[in-house]
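Trainee: If you count the sequence shown from 1, position 14 lands on 13 in numbering that gives the first Met the number 0, and the numbers rise without skipping.
Don't be surprised by glycine CBs; every beta carbon is placed ideally from N, CA and C.
Remember, predicted model here, so these are calculated numbers, not experimental data.
I'd like to ask you about the structure that follows.
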Amino acid sequence: MEAIAKLVVVEGLPFSFPSSPGFIHYIRDMYNPSFNDFSRSTVKRDVFKFAREY
0 MEAIAKLVVV EGLPFSFPSS PGFIHYIRDM YNPSFNDFSR STVKRDVFKF AREY
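As structure tokens, then:
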């Protein structure tokens, strides 16, 4: 999850990005067919955790 938080911060993406249909489709097709999305609150929590650490 840390990598998703970094992606959201570095690219200025919305917290909802990891639950967007396009992202889910990409991850399922390329990496993990059983991938489930992340909730916006989980991404937000991890982004703020990442920001405190760096």
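Between residue 8 and the rest of its own chain, which residues show a CB-CB distance below 8 Å, the 5 nearest in sequence each way excluded?
Mentor: 46, 49 and 50
Trainee: Can you check which of these residues, 25, 29 and 17, is closest to residue 40 by C-alpha distance?
Mentor: 17
Trainee: Residues in the same chain with beta-carbon distance under 7 Å from residue 23, minus the five sequence neighbours each way, listed in chain order, please.
Mentor: 34 and 36
Trainee: Excluding the 5 residues flanking residue 5 on each side, which residues of the same chain have their C-beta closer than 8 Å to its C-beta?
Mentor: 49
Trainee: Within a Cβ cutoff of 8 Å, which residues of the same chain sit near residue 26, ignoring the five residues on either side of it in sequence?
Mentor: 34
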